[in-house]
Every structure is written in structure tokens, then in C-alpha cells.
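Undergrad: Numbering (the numbering used here), first residue to last: 65 to 413.
Here it is, the structure, as C-alpha cells.
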Ligand SMILES: *Cc1c(COP(=O)(O)O)cnc(C)c1O
């Protein structure tokens with residue numbers, strides 16, 4: 065089998081959820097963000113395990129994601145859609161009992177006309193200028209919207225991963241100004257916001273990346289392990305080159321392993337000549353260019369070449385690999401290839 069194996073430790077996801085839940089205190093509920101297929105790990109499997117651990121609210125980006133999740137989870141959990149109620153979403157929202165987070169007057173109108181009396185929340189912009197109603201817009205519609213009984217008022221922090229950034233306090237003050245005294249449950253913090261402390265957590269938190277073992281939750285347990293099969297091993301003589309563009313030339317006689325994963329599987333081409341793979345903990349450098357389905361790795365120093373080399377493992381987590389690629393752990397996870405065989409362990413709660 066040449067398909068790589070992505071091992072997903074659901075017990076680690078549950079431990080991370082419990083640790084984040086403990087940080088925000090007993091009065092605050094902890095939801096789970098499972099958009100983008102739970103950051104590449106498989107939304108239904110991850111969410112089912114989280115439900116067994118007591119999670120009752122999930123967030124997705126799109127109504128389509130919510131619809132698929134509802135079919136996997138059954139009727140019990142609440143599923144919030146961050147992009148709100150878009151044209152074409154009405155049937156999905158109604159049939160699969162999704163709760164759109166309304167982001168603009170246009171969405172409020174659409175929701176109230178198409179599905180009066182059905183659940184919704186409101187997303188407010190407190191300074192990120194990405195999603196949510198602006199203060200002026202909110203002031204105009206708040207009397208009507210509040211009369212219709214929103215389930216949740218939320219906003220999102222732009223700089224939560226930088227605790228010293230002045231925008232955090234500014235957004236917090238704005239969120240208070242827009243929502244104090246409404247009596248509606250409030251949600252402000254994702255993973256980074258939870259780390260900022262209890263002033264930021266309000267009634268409901270929305271962690272994503274922290275559940276999956278990524279920064280800024282420094283104490284997170286790693287969740288993924290990615291093992292790539294060695295397809296072929298060859299001796300390369302000093303002076304010979306390897307791969308596209310003849311980009312790597314052997315300085316001395318070398319042994320090169322050809323490994324089955326490439327940029328089509330989310331191993332960014334920017335990792336060319338930079339990444340490190342591990343053979344039972346021994347580092348082996350990626351040499352030459354990342355190609356679509358394959359990479360080449362210098363295994364000269366190994367006594368025996370194992371059947372697989374690891375690129376995500378205890379020696380190199382998602383944030384370490386992200387640093388090599390010049391990106392963030394979120395992008396490493398959400399790029400994990402569709403061709404990987406996903407194997408789940410744990411998750412029994
Ligand atoms: C993605 C997202 C989250 C989760 O953020 P993490 O940083 O992964 O914890 C929460 N809320 C909103 C609005 C999001 O877009």
C-alpha cells in the first residue's frame with residue numbers, strides 16, 4: 065500500500081477539550097469548532113467523540129458542512145453556521161436544524177422572511193472587519209432582532225494569539241458596549257481568546273486549533289502522526305542528481321528513499337530541500353524538490369531503512385513543520401491530504 069497513514073488520537077482531542085474547558089471556568093460552556101472537516105481530521109469522527117465527552121454545540125463555516133455534520137451526529141447537538149444564512153441555504157438550515165450566525169442586515173432579512181421563528185444567532189464586528197454586523201448596523205436592527213430571541217451573540221478576536229496586542233482590549237470593550245445588558249448568551253473567545261483569561265470567555269467558547277494540538281494552546285497534546293511509506297531506496301553516486309530540476313546533487317555516495325506523498329497531499333512545495341523526516345526518531349533530510357506525489361529523503365546514515373518515514377511525530381509537531389514551511393499549524397492541518405488513510409484511536413470518553 066502506497067497510501068500514507070494519518071493517525072488521529074481522539075483521546076488527545078478529548079484531553080485538549082477538557083483542558084480548554086477547565087481554563088474558562090464552570091459557568092462557561094465550551095463548544096467545538098469543526099469547520100473544514102475538523103481542520104482536516106474528519107468532522108464526524110471528531111465530533112462524535114467530543115459529543116461523548118459532553119460537547120453540545122459545534123461550529124462550522126458553511127451550511128453544507130453543517131448539513132453533513134447533522135447527518136453524522138443526529139438531532140441532539142446544536143450546529144452553528146459562522147457564514148450565516150446565505151442565499152440558497154434556507155432549505156438546509158430548515159431541514160437539518162442549523163443555527164445561522166447572522167452577519168449582516170441582508171441575512172437578518174433573509175432569515176426572518178424565509179424561516180420566521182427558527183433559531184439564529186448574531187455575529188457582531190468588534191474591529192476585525194471580516195464577518196459580523198458593524199456597530200451602526202446593529203444599533204439600527206437590534207430592537208427587532210432582540211425581539212426575535214437570538215440564541216447567541218458573538219464576535220471574533222483578530223489578535224488573540226498576541227496577548228500584548230492592544231486590539232484585544234479594544235475589541236473586548238467594544239463587545240461589552242454592544243452586548244452588555246442584553247441577557248443573551250455571549251461568545252467571544254476561540255483558542256487564543258481562552259488563553260487571554262476569563263475576562264474573554266463569557267458564556268461560550270469556540271476552540272478549534274487547540275483541540276487539534278496546535279498553537280497558541282502551548283500545553284496541547286499532539287493529535288496527529290503522519291507516516292509516509294518508502295516506495296523505493298536507491299544508491300546515488302557522488303555527483304548524481306535527484307528529482308525535478310536536478311535540484312539536489314550528491315556531494316558523496318548517498319542512499320535516497322523515495323517516499324509516497326507530495327504537494328498534492330499537502331506537503332507544500334516550499335518544503336523542498338528544507339523539511340526533515342524521522343526514522344524512529346532519527347532525523348533524515350528531505351533532498352531536492354517536493355513533487356506532486358513523491359518526495360526524496362537522504363537516509364544514508366540509517367543502518368536499515370524502515371518501511372515508513374514520519375513527517376508529523378513527537379519529534380516534529382504541526383507547528384514545527386509549519387515553521388519550516390513558512391506557515392501556521394492551521395494550514396498544515398487543513399492541507400492534510402485526502403489520499404491519506406485516516407486511522408483513529410481512542411475517543412471513548
Ligand atoms: C475558526 C474560528 C474559530 C476557531 O478558532 P481557533 O483559533 O482554531 O480556535 C472560532 N470562531 C470563529 C469565528 C472562527 O472563524
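Where a beta carbon is used, it is the ideal one built from N, C-alpha and C, also for glycine.
1. Return the Cβ separation of residue 400 and residue 118 in integer angstroms, given the expectation that the two are a contact with Cβ distance under 8 Å.
2. Is the shortest distance between the beta-carbon of residue 210 and the beta-carbons of chain B less than 7 Å?
3. Locate the beta strand (DSSP E) running through residue 121, then write down its first and last residues.
4. In angstroms with no decimal places, state the Cα-to-Cα distance between residue 282 and residue 371.
5. Ligand 1 and residue 272: does the residue's C-beta get closer than 6 Å to at least one heavy atom of that ligand?
6. Let me make sure I understand the geometry here. Which of 237, 279, 128 has the alpha-carbon closest to that of residue 263?
7. For residue 382, verify whether its CB is less than 6 Å away from any heavy atom of ligand 1.
8. With the cut-off set at 7 Å, would you say residue 414 and residue 348 are in Cβ contact?
9. Just tell me which of 108, 126, 167, 169 has its CA closest to the CA of residue 141.
10. With a threshold of 6 Å, establish whether the CB of residue 97 neighbours any heavy atom of ligand 1.
11. DSSP three-state label for residue 393, please.
12. Can we say the stretch 381 to 397 touches the stretch 308 to 324, given the rule of at least three CB pairs closer than 8 Å?
13. What are the boundary residues of the alpha helix (DSSP H) that residue 115 is part of?
14. Just mark residue 136 as buried or exposed, buried being the case when its beta carbon has 16 or more other beta carbons within 10 Å.
15. Apply the 10 Å Cβ neighbour rule to residue 188 and answer buried if 16 or more other Cβ atoms are within range, or exposed otherwise.
16. Counting along the chain, where does the alpha helix (DSSP H) carrying residue 132 start and finish?
17. Is residue 466 near ligand 1, in the sense that its beta carbon is under 6 Å from a heavy atom of that ligand?
18. Measuring only from the beta carbon, is residue 376 closer than 6 Å to any heavy atom that is part of ligand 1?
19. Quick check: does the Cβ of residue 255 come within less than 6 Å of any heavy atom belonging to ligand 1?
20. Tell me which same chain residues have a C-beta within less than 8 Å of the C-beta of residue 344, skipping the five on either side of it?
21. For the putative contact between residue 173 and residue 144, defined by C-beta atoms under 8 Å, what is the C-beta separation to the nearest angstrom?
22. DSSP three-state call for residue 365: helix, strand or coil?
23. Once DSSP output is grouped into helix, strand and coil, what is the label at residue 354?
24. Can you tell me whether residue 116 is buried or exposed? The criterion is at least 16 other CB atoms within 10 Å of its CB, across all chains shown.
25. From the DSSP output, read off the bridge partner residues of residue 185.
TA: In brief:
1. Wrong, their Cβ atoms sit about 27 Å apart, outside the cutoff.
2. The displayed structure is made up of one protein chain only, and chain B is not part of it.
3. For residue 121, the uninterrupted beta strand (DSSP E) segment begins and ends at 121 to 124.
4. Their backbone Cα atoms lie some 32 Å apart in a straight line.
5. Checking every heavy atom of ligand 1 against the Cβ of residue 272, one is found closer than 6 Å.
6. Taking only the C-alpha atoms, the option nearest residue 263 is 237.
7. Result no, Cβ not under 6 Å from ligand 1.
8. No statement about residue 414 is possible, as the shown extent of the chain runs from 65 to 413 and does not include it.
9. The shortest Cα separation from residue 141 among 108, 126, 167, 169 belongs to 108.
10. Because some heavy atom of ligand 1 lies under 6 Å away, the Cβ of residue 97 counts as near it: yes.
11. Three-state DSSP puts residue 393 in a helix.
12. Between the stretch 381 to 397 and the stretch 308 to 324 there are fewer than three C-beta pairs closer than 8 Å, too few to call the two in contact.
13. From DSSP, the alpha helix (DSSP H) with residue 115 extends over 107 to 116.
14. With fewer than 16 other Cβ atoms within 10 Å, it is exposed.
15. Result: buried.
16. First-last of the alpha helix (DSSP H) with residue 132: 127 to 137.
17. An answer regarding residue 466 cannot be provided, because it is not within the stretch 65 to 413 covered by the chain.
18. No; taking the cut-off as 6 Å, the Cβ of residue 376 has no heavy atom of ligand 1 nearer than that.
19. Residue 255 Cβ: within cutoff of ligand 1.
20. The beta carbon of residue 344 is closer than 8 Å to those of 370 in its chain, skipping five residues each way along the sequence.
21. The pair is not a contact, with the Cβ atoms about 20 Å apart (cut-off 8 Å).
22. DSSP, reduced to helix, strand and coil, places residue 365 outside both helices and strands of the structure shown, so it counts as coil.
23. Three-state result, residue 354: coil.
24. Flag for residue 116 reads exposed.
25. Looking at the DSSP assignment, residue 185 forms a beta bridge with 165.
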